[in-house]
Amino acid sequence: MPAEPKLLDQVRNKIRLKHYSIRTEQAYTDWVRRFILFHGKRHPAEMGAVDVEQFLTHLAVAGKVAASTQNQAKSAILFLYKEVLALELPWLNKVERAKTPRRLPVVLNREEVQAVLSRLDGTYWLIASMLYGTGMRIMECLRLRVKDIDFQRREILIRDGKGGKDRVTMLPATLCDALKTHLAKVHRLHDDDIRQGYGTVYLPFALARKYTGANREWGWQYAFPARHFSTDPRSGETRRHHVQEQAVQRAVKQAVRDAGLSKPATPHTFRHSFATHLLESGYDIRTVQELLGHSDVSTTMIYTHVLNKGGRGVSSPLDSL
Numbered sequence: 002m003p004a005e006p007k008l009l010d011q012v013r014n015k016i017r018l019k020h021y022s023i024r025t026e027q028a029y030t031d032w033v034r035r036f037i038l039f040h041g042k043r044h045p046a047e048m049g050a051v052d053v054e055q056f057l058t059h060l061a062v063a064g065k066v067a068a069s070t071q072n073q074a075k076s077a078i079l080f081l082y083k084e085v086l087a088l089e090l091p092w093l094n095k096v097e098r099a100k101t102p103r104r105l106p107v108v109l110n111r112e113e114v115q116a117v118l119s120r121l122d123g124t125y126w127l128i129a130s131m132l133y134g135t136g137m138r139i140m141e142c143l144r145l146r147v148k149d150i151d152f153q154r155r156e157i158l159i160r161d162g163k164g165g166k167d168r169v170t171m172l173p174a175t176l177c178d179a180l181k182t183h184l185a186k187v188h189r190l191h192d193d194d195i196r197q198g199y200g201t202v203y204l205p206f207a208l209a210r211k212y213t214g215a216n217r218e219w220g221w222q223y224a225f226p227a228r229h230f231s232t233d234p235r236s237g238e239t240r241r242h243h244v245q246e247q248a249v250q251r252a253v254k255q256a257v258r259d260a261g262l263s264k265p266a267t268p269h270t271f272r273h274s275f276a277t278h279l280l281e282s283g284y285d286i287r288t289v290q291e292l293l294g295h296s297d298v299s300t301t302m303i304y305t306h307v308l309n310k311g312g313r314g315v316s317s318p319l320d321s322l
C-alpha cells in the first residue's frame, strides 16, 4: 500500500484538483509551511482557533504585514483545514479577517500616461500600451494567447480572468499595426523553437491531453513569450513561458522615474487610468464595469472620485477671495 503523501503535497494536489493558479499554489503552500513551523512543527489537526489567531496576530504585530497579506494567510490556513484535512470545525468561520483599508487608486492623467509610454520601447512599450488601451490586468495581458486577438473585430477575448471569468475588451486601432509586427516576430520565434524540438506551450485544465498537438499550434502560443526557455515547476517540461511580470514592473518603474513623476505608478496604474479616462469621456459606469470585469459596480464606483475635482467638486473658499 503506497504511503500517504506529505501534508504539503496533499495541499498541492488539492489545489491542482481545483485548478487554482501556480501563484496561488506557491502562496498557500508557503503559508501552511510557515504556520506549521511557527507552532513548532505540530500537526494542524492538533491545533485550533487559538493557534490560528496567534499566528495571524504574530504576522500583524511582529511581521507588520498588510491586512491583505494577513487575509491571504488566513485563507491558506482555512483551505488546509476545510479542503485538505476535511475538518468541519465550528471555529473556522469565526476567525476574524483583518480589516483592509479602502485606498483610492493612483491615476495618471493623459499627459503623464504619454510621458511614461514615451520612455518605454519594444515589447515593454507594447505591453504597457495594451494595459492602458484595454484595461487588462497585467497577468491577463501576459497570458494572452494569439487566438484570442481578433484584428478584424478589433477586440480581445480575455479568458479565465479574475474569478475565472471570461470577458471581451477593445483592441485599440492605434496598436493594430504594432501588434501585428510583434506577432510576426513571435511566429518566427515559434517556428524556430519547433525546429529545435521545442515549441510547446502550457495549456490549462489538461487540454494538452484532450487536444493532442494543440500545445504546438500557433494560435495557442502566448502573444508575449519570454526570451528564454524555462522549466515548468509542475510538469518539469522545458518550454517558453510568457514574459515575467517582474520584468514589466521594473521597466515601468524606470520609465516613471525617467519621466520625473512623483506618483507611485505601476503597470496596474494603467488599468486605473483606463477606467478613469473612460468615465471622464462620458462612458457610463456599467460599460466600464464590463470592460474591467468587475462583478459588482460598487468596485467600479471608486473611479468616480477623480471626476469630482477638488474635494467632491466643492470650490475652496480661498479661491473666492
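Note that the working numbering has the sequence shown beginning at 2, numbered continuously upward. Ideal Cβ positions, reconstructed from N, Cα and C, are used throughout, including at glycine. Bear in mind that the values here come from a model prediction, so they are computed numbers and not experimental data.
query: Between the Cα of L190 and the Cα atoms of P226, F206, A215 and Y203, which residue gives the shortest distance?; result: P226
query: Between which two residues does the alpha helix (DSSP H) carrying E281 extend?; result: P268 to E281
query: How about L180 and L127: do their beta carbons lie closer than 8 Å?; result: yes
query: On the DSSP bridge list, what partners appear for M171?; result: E156
query: Grab me the residues of I139's own chain with a C-beta within less than 7 Å of its C-beta, minus the 5 sequence neighbours each way, in chain order.; result: L132, E246, V249, P268 and H269
query: Is there contact here, the segment 104 to 113 with the segment 274 to 286, by at least three beta-carbon pairs under 8 Å?; result: yes
query: CB-CB under 6 Å to P106, same chain, minus the five flanking residues each way: which ones, in chain order?; result: H273
query: Here's a check: name, in chain order, each residue in its chain whose Cβ is nearer than 7 Å to the Cβ of L184, leaving out the five neighbours to either side.; result: V147 and A224
query: Within the same chain, show all residues whose beta-carbon is closer than 8 Å to that of V169, passing over the 5 residues directly before and after it, in chain order.; result: E156, I157, L158 and I159
query: If you run the structure through DSSP and keep just helix, strand and coil, what is H306?; result: helix
query: Using only the alpha-carbon positions, how far apart do T70 and D193 sit?; result: 42 Å
query: With distance defined between alpha-carbon atoms, name the residue in S236, F36 and R258 nearest to Q55.; result: F36
query: Note down the Cα distance separating A129 from Q255, rounded to an integer number of angstroms.; result: 13 Å
query: Buried or exposed: C142, going by 16 or more other Cβ atoms within 10 Å of its Cβ?; result: buried
query: For a quick check, are the C-beta atoms of A67 and A28 less than 8 Å apart?; result: no
query: Measure the alpha-carbon distance for R120 versus A260 and round it to whole angstroms.; result: 7 Å
query: Taking G200 as the reference, give the member of L208, N216, H243 and D167 with the closest Cα.; result: N216
query: With H, G and I counted as helix, E and B as strand and the rest as coil, what does DSSP make of D151?; result: strand
query: In three-state terms, what does DSSP make of R241?; result: strand
query: Can you name the start and end residues of the alpha helix (DSSP H) that F80 belongs to?; result: A68 to F80
query: With H, G and I counted as helix, E and B as strand and the rest as coil, what does DSSP make of P6?; result: coil
query: Starting from F230, trace the beta strand (DSSP E) in both directions and tell me its first and last residue.; result: P226 to T232
query: Measure the C-alpha to C-alpha separation of L38 and K65 and round it to an integer number of angstroms.; result: 18 Å
query: Suppose the cutoff is 7 Å on Cβ atoms and the five residues either side in sequence are ignored; what does the same chain contact list for Q295 look like?; result: The sequence as given places His at residue 295; Gln does not occur at that position. Result list for H295: T301, in chain order.
query: Please classify I16: is it buried, with 16 or more other beta-carbons within 10 angstroms of its beta-carbon, or exposed?; result: buried
query: Within a Cβ cutoff of 7 Å, which residues of the same chain sit near K166, ignoring the five residues on either side of it in sequence?; result: G294
query: State the Cα-Cα distance for the pair G283 and T305, rounded to the nearest angstrom.; result: 11 Å
query: Give the range of the alpha helix (DSSP H) segment to which G134 is assigned.; result: G123 to T135
query: What does DSSP give as the partner residue(s) for R146 in the beta ladder?; result: Y223
query: Closest to R241 by CA distance: which of L280, R144 and P173 is it?; result: R144
query: The alpha helix (DSSP H) with F39 in it runs from where to where?; result: I23 to F39
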